[in-house]
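The letter at position 42 of the sequence shown is residue 54 when you use my numbering, and the numbering goes up by one with no holes. A short write-up of the structure that comes next.
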Amino acid sequence: MRLPLIAGNRKMNTTVREAVALVSEMRLELDAIANVDKVICPPFISLAAVGELIKGSSIKLGAQNLYFAEKGAYTGEISPLMLADLCQFVIIGHSERRQYFNETGEIINKKAQAALRVGLKPILCIGESLKENEAGKTAEVVTEQMRSSLARVNELDGLVIAYEPVWAIGTGRAATGQQANETIGLIRHNITKLYDKEIAQDLRILYGGSVTAANATEFISQPEIDGALVGGASLKAEEFLSIVKQTSAIRTHLSEES
Ligand code: PEP
13 MRLPLIAGNR
23 KMNTTVREAV
33 ALVSEMRLEL
43 DAIANVDKVI
53 CPPFISLAAV
63 GELIKGSSIK
73 LGAQNLYFAE
83 KGAYTGEISP
93 LMLADLCQFV
103 IIGHSERRQY
113 FNETGEIINK
123 KAQAALRVGL
133 KPILCIGESL
143 KENEAGKTAE
153 VVTEQMRSSL
163 ARVNELDGLV
173 IAYEPVWAIG
183 TGRAATGQQA
193 NETIGLIRHN
203 ITKLYDKEIA
213 QDLRILYGGS
223 VTAANATEFI
233 SQPEIDGALV
243 GGASLKAEEF
253 LSIVKQTSAI
263 RTHLSEES
């Protein structure tokens, strides 16, 4: 059975002081929740401080981006080697990076390879726009995004995929559990074709897009969905804790049943 994962993508929110305060508010409770991988992704400048705060706990740390070169004259960029010392996960290919920073499939592929090379687990985001969704192109788009992002990636090594329909991110308009489950089933099927059945069965695939405490169970209880990438709701301790607790309860119930 795959261990569910809830990752909080704080995007470009919180100063270092605020990031630390937010984690302090939920650290003890979050640490005690079993049967879920809990990942916090604050802005780069807060990684060290948040890392110190969660040291020795079951909470994991993720970055929101990286550059693919190891080091050199790339002013303002952060390398995989710098992150490997600080965190376990890194978000790659988020739609906001594709949209505002012109990240292409080729760039995302280089980033995925660079992350894996240093032992970081990419949380690879894929998903269709509203226009593509309305044109019935969801399957085509996510299949192409997977093909380009995973080119020459021979071992997934803990990589996680987050299916995030662009029209659901930050809009308050989430997909339905059934819609998300269907597309995630297709993503898993694509992994079987690109790799093999065992790798597909082991791969964690999350849903992301306006997940809140009010709708989390609808997604987490779907058989293909292994957790959530949470944006806005990760900025509120109570809300994030509730999503993690709901996930733990569902997973614990399923373990007891099997
Ligand atoms: C995200 O940033 O990946 C995201 C899903 O945001 P939100 O939960 O705010 O829609």
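Glycine included, C-beta positions come from ideal geometry on N, C-alpha and C.
Inset, instruction - Report the residue from PRO55, PRO177, TYR112, LYS83 whose alpha carbon sits nearest the alpha carbon of GLU146. - result: Looking only at PRO55, PRO177, TYR112, LYS83, the smallest Cα-Cα distance to GLU146 is reached by PRO177.
Legend entry - Segment contact, 8 Å Cβ cut-off, at least three pairs: the segment 183-199 with the segment 237-257: With a cut-off of 8 Å, the segment 237-257 and the segment 183-199 count as touching, because enough Cβ pairs lie within range.
Legend entry - Assigned secondary structure, ALA75 (DSSP; H/G/I helix, E/B strand, else coil): strand
Legend entry - Contact test: ILE181 Cβ vs the ligand PEP heavy atom, cutoff 8 Å: yes
Inset, instruction - Could you tell me whether the segment 67-80 touches the segment 96-103, using the rule of 3 or more Cβ pairs below 8 Å? - result: The count of Cβ pairs closer than 8 Å, one atom from the segment 67-80 and one from the segment 96-103, reaches three, so the stretches are in contact.
Legend entry - Residue from CYS53, ILE45, PRO16 whose Cα sits closest to the Cα of LYS23: CYS53
Inset, instruction - Determine contact between the segment 125-139 and the segment 160-174, defined as no fewer than three beta-carbon pairs at a distance below 8 Å. - result: yes
Inset, instruction - Answer yes or no: the CB of ALA192 versus the heavy atoms of the ligand PEP, is any distance below 8 Å? - result: Taking the Cβ of ALA192 as the reference point, every heavy atom of the ligand PEP lies at 8 Å or farther away.
Legend entry - Proximity test, GLY243 beta-carbon vs the ligand PEP heavy atom, cut-off 8 Å: yes
Inset, instruction - State buried or exposed for MET38, treating a residue as buried only when at least 16 other CB atoms are found within 10 Å of its CB. - result: buried
Inset, instruction - Check whether the Cβ atoms of LEU273 and ALA124 sit closer than 9 Å, and answer yes or no. - result: Missing from the structure shown is residue 273; the chain here goes from 13 to 270 and no further.
Inset, instruction - Consider the C-beta atom of CYS99 and the heavy atoms of the ligand ZN; say whether any pair is separated by less than 8 Å. - result: Inclusion of the ligand ZN in the displayed structure is not the case, the ligand content consisting of the ligand PEP alone.
Legend entry - beta-carbon ASN21 near the ligand PEP non-hydrogen atom, thresh 8 Å: Within the chosen limit of 8 Å, the ligand PEP reaches the beta carbon of ASN21 through at least one heavy atom.
Inset, instruction - Tell me whether HIS265 counts as near the ligand PEP, meaning its Cβ is closer than 8 Å to at least one heavy atom of that ligand. - result: no
Inset, instruction - Tell me, to the nearest whole angstrom, how far the beta carbon of VAL8 is from that of ILE196; I am working on the premise that it is less than 8 Å. - result: Look at the range of the chain in this structure, 13 to 270, and you will see that residue 8 is not part of it.
Inset, instruction - Report the option in VAL28, ARG29, LEU34 whose CA atom is closest to the CA atom of GLU251. - result: LEU34
Inset, instruction - For ALA228, verify whether its CB is less than 8 Å away from any heavy atom of the ligand PEP. - result: no
Inset, instruction - Please confirm whether any heavy atom of the ligand PEP lies closer than 8 Å to the CB of VAL223. - result: yes
Inset, instruction - Would you mind listing the alpha helix (DSSP H) stretches within the segment 159-228 that are 4+ residues and don't spill past its ends, in chain order? - result: 189-206, 209-214
Inset, instruction - Could you check the C-alpha separation between LEU78 and GLU210 for me, to the nearest Å? - result: Rounded to whole angstroms, the separation of the alpha carbons of GLU210 and LEU78 is 29 Å.
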